[in-house]
Amino acid sequence: MERITICQNCGSFFQDSEDIDLGVCLNDEVFQPYVEEIVNNDDFSSCLELYLSMRYSGEKDACEMYEEPEIIEIP
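The sequence shown runs contiguously to residue 76 in the numbering used here.
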């Protein structure tokens, strides 16, 4: 099954746990200093103001850095 190439289907798009329609691309250079904290804490508390100013809809057409997410099958 082929996925639609939108940001929400990209492995680099990190969603807001409060509003799963919104998020940011972790490939964006402005988030590089915060990536580890964002992923480990599963939130944007380390850069909340930046996140609020940069977030966008996951329905946006994906860019040239689009990567299929890694899918792990559980037996």
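All residues carry an ideal CB built from backbone N, CA and C; glycine is no exception.
Remember, predicted model here, so these are calculated numbers, not experimental data.
Under the three-state DSSP convention, the category residue i falls into
i      : result
Leu51  : helix
Cys8   : helix
Tyr67  : coil
Ser158 : Here the chain has residues from 2 to 76 only, and residue 158 is not among them.
Ser18  : coil
Close-in-space but distant-in-sequence residues of the same chain around residue i (CB under 8 Å, 5 per side omitted)
i     : result
Asn28 : Ser13, Met66
Glu50 : none
Residue i, buried or exposed, once every other Cβ within 10 Å from all chains shown has been counted against 16
i     : result
Ser31 : According to the sequence displayed, residue 31 carries Val and not Ser. By the neighbour-count rule (16 or more Cβ atoms within 10 Å), Val31 is not buried but exposed.
Tyr52 : buried
Val25 : buried
Contacts around residue i, its chain only, beta-carbon distance under 7 Å, and the 5 residues preceding and following it disregarded
i     : result
Glu38 : Ser47
Checklist entry - Would you call the segment 62 to 69 and the segment 13 to 31 touching, i.e. three or more CB-CB distances under 8 Å? => result Result yes; three or more Cβ-Cβ pairs closer than 8 Å.
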